[in-house]
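Here our numbering = 1-based position in the sequence shown + 1.
Even for Gly, the Cβ is constructed at its ideal location relative to N, Cα and C.
Here's the structure we're looking at; comments come further down.
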Amino acid sequence: MAFPIPRTLFEPEHEQFRESLGRFLEAEVLPNLGRYEAQGFIDREVWRKGGAAGFLCPTMPEEYGGAGADRRYSVVVFEETARRGAVGLLGWSLHSDIVAPYLLHYGAEAVKRAWLPRMATGEAIGAIAMTEPGAGSDLQSIATRAVRDGDHYRLSGSKTFITNGWHCDLVVVAAKTDPAQGARGTSLFVVDTASPGFTKGRPLEKVGLKAQDTAELFMDDVRVPAANRLGEEGRGFACLMQELPWERLQIAITAVALAEGVLEETIAYCRDRKAFGKPLLDFQNTRFALAEAKTELQAARVFVDRCIELVLAGTLDAATASMAKYWCSDLQCKVIDACVQLHGGNGYMREYAVARAWADARASRIYGGTNEIMKELISRSL
């Protein structure tokens with residue numbers, strides 16, 4: 002969609018990457034989206050093909066199998082998968098731009114070399130496990146325990162709502178190493194899901210994001226080498242806080258792109274669909290609703306692009322990232338809901354992309370920290 006204010010964020014090579022990814026999605030993902038939604042996950046072969054094409058872990062250093070590219074390449078992946086309605090590939094973003102950076106920034110050299118090259122090719126799929134049945138936004142209340150046993154830890158506990166949980170080969174697990182210390186007693190571990198005592202639940206049936214596999218994970222006295230701990234013992238919460246601004250901006254980027262794609266499709270629908278003998282776009286109510294949506298998305302696009310520039314400069318702070326996450330995900334839901342209304346009854350049918358987007362968008366106000374938590378974080382900067 003063309004907006005009045007041109008974007009200046011990308012170079013020609015980023016746009017070439019965007020075109021290549023678009024062709025891949027049109028050929029490999031979108032024709033099979035119905036099947037992926039029915040089975041609750043995207044085939045592993047898509048991961049391997051995406052890795053071979055360079056769409057996974059593009060920012061990882063070349064020595065670990067990546068392209069050593071800047072984060073704008075990741076932004077292109079977020080935007081194109083969302084804009085084209087392939088949000089079932091949300092797991093790609095988590096795998097490449099959340100899980101892989103934890104290994105890169107805090108993992109031992111042996112851990113990096115064991116996993117990152119395989120993650121870049123799609124041979125190994127990563128997940129991160131923080132949320133538990135009794136601990137969502139309140140991460141300090143997690144009950145999963147990690148008890149030191151010589152040169153290993155023994156992990157026991159359960160996690161829920163884990164993106165890539167069904168497919169994952171490795172998972173970054175947040176566990177308590179010293180429950181008495183609260184946040185300072187939390188540590189992160191890289192766990193091989195083939196380890197004895199590690200089991201996966203079935204893919205969870207969600208309202209939206211149906212092609213994105215989401216599962217429960219269970220650990221019963223799983224032995225994990227001490228060398229697989231990320232960072233120092235008790236510093237897990239600090240590591241999480243360090244990475245969260247970029248993770249939350251990813252949600253904002255995806256939200257704006259998904260809403261832009263839905264708005265573009267809705268404008269086309271309103272040009273073609275007739276009521277009372279004329280196109281819907283001829284009605285003032287329709288034009289005003291679309292004008293409002295386009296204006297708000299233009300403002301969101303400028304804000305998010307500036308936040309991306311701050312990420313590239315290494316200066317995006319937690320409060321600004323929280324603003325982007327909460328406001329853009331709220332706006333996304335508002336815009337898509339308005340587009341559903343303009344579709345009438347068709348907007349409530351899953352055969353229409355707008356209906357699927359409506360269901361897909363809602364979770365973005367919950368995951369990555371609820372929007373209420375985002376407002377609390379922002380308030381601390383007042």
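Selection from the options that minimises the alpha carbon distance to residue i
i, options, result
"Leu140", "Ala175, Tyr107, Gly127", "Ala175"
"Asp361", "Glu206, Arg146, Thr287", "Glu206"
"Gly183", "Val192, Gly135, Phe238", "Phe238"
"Ser380", "Gly369, Asp331, Ala320", "Ala320"
"Glu124", "Val192, Trp48, Gly41", "Trp48"
"Thr178", "Thr194, Asp170, Leu156", "Leu156"
"Ile337", "Phe25, Ala83, Asn33", "Ala83"
"Leu311", "Ala54, Arg73, Gly41", "Arg73"
"Val30", "Arg19, Glu20, Gly51", "Gly51"
"Cys58", "Tyr349, Leu104, Ile252", "Leu104"
"Ala290", "Asn372, Pro280, Gln342", "Gln342"
"Gly315", "Arg272, Val355, Pro246", "Pro246"
"Pro118", "Ser75, Thr145, Asp331, Glu63", "Glu63"
"Thr161", "Phe56, Asn33, Ala136", "Ala136"
"Ser21", "Gly278, Phe11, Gly55", "Gly55"
"Leu26", "Ala101, Phe79, Arg351, Val191", "Phe79"
"Tyr65", "Ala39, Glu110, Ser94", "Glu110"
"Leu332", "Gln299, Leu34, Arg351, Phe284", "Gln299"
"Thr9", "Tyr154, Phe304, Asn33", "Phe304"
CB of residue i within 8 angstroms of CB of residue j, strictly
i, j, result
"Gly127", "His96", "yes"
"Gly67", "Ala121", "yes"
"Asp37", "Ala216", "Going by the sequence as given, residue 37 is Tyr instead of Asp. No, they are not a contact pair."
"Ala260", "Gly86", "no"
"Leu250", "Ala325", "yes"
"Ala339", "Ala276", "no"
"Val173", "Ile129", "yes"
"Thr164", "Gly92", "yes"
"Gly166", "Asp214", "yes"
"Val402", "Ala228", "This structure does not reach residue 402, given that the chain is present from 2 up to 383, and the question cannot be answered."
"Ser330", "Ser382", "no"
"Gly41", "Glu81", "no"
"Ile374", "Ser138", "yes"
"Ser188", "Arg224", "no"
"Glu248", "Ile99", "yes"
"Glu14", "Pro102", "no"
"Tyr327", "Asn286", "no"
"Leu241", "Ser323", "no"
Simplified DSSP state of residue i, which is helix, strand or coil
i, result
"Val174", "strand"
"Val355", "helix"
"Phe190", "strand"
"Glu63", "helix"
"Leu210", "coil"
"Ala136", "strand"
"Leu250", "helix"
"Thr164", "strand"
"Ala70", "coil"
"Tyr368", "coil"
"Cys58", "coil"
"Asp44", "coil"
"Ala195", "coil"
"Gly123", "coil"
"Ser392", "In this structure the chain extends from 2 to 383, so residue 392 is not present and cannot be described."
"Pro13", "helix"
"Ser382", "coil"
"Met350", "coil"
Bridge-paired residues (DSSP) for residue i
i, result
"Phe219", "Ser159, Thr200"
"Pro226", "His153"
"Arg146", "Ser157, Lys177"
"Lys279", "Ala276"
"Ile129", "Val173"
"Leu231", "Leu189"
Closer than 8 angstroms to chain E by CB, residue i
i, result
"Ala239", "Absence of chain E from the displayed structure is noted, only one protein chain being present."
For residue j and residue i, believed in contact at Cβ under 8 angstroms, the rounded distance
i, j, result
"Pro134", "Ser159", "6 angstroms"
"Arg302", "Val257", "6 angstroms"
"Val77", "Phe18", "5 angstroms"
"Asp193", "Leu171", "6 angstroms"
"Arg274", "Leu281", "5 angstroms"
"Glu297", "Val355", "Between Val355 and Glu297 the Cβ distance is about 17 angstroms, and since that is not below 8 angstroms, they are no contact."
"Thr145", "Met220", "7 angstroms"
"Gly186", "Gly235", "6 angstroms"
"Ile252", "Gly369", "5 angstroms"
"Arg45", "His168", "6 angstroms"
Residue i CB to nearest heavy atom of the ligand FMN below 7 angstroms
i, result
"Asp222", "Within the structure as shown, the ligand FMN is missing, as the structure has no ligands at all."
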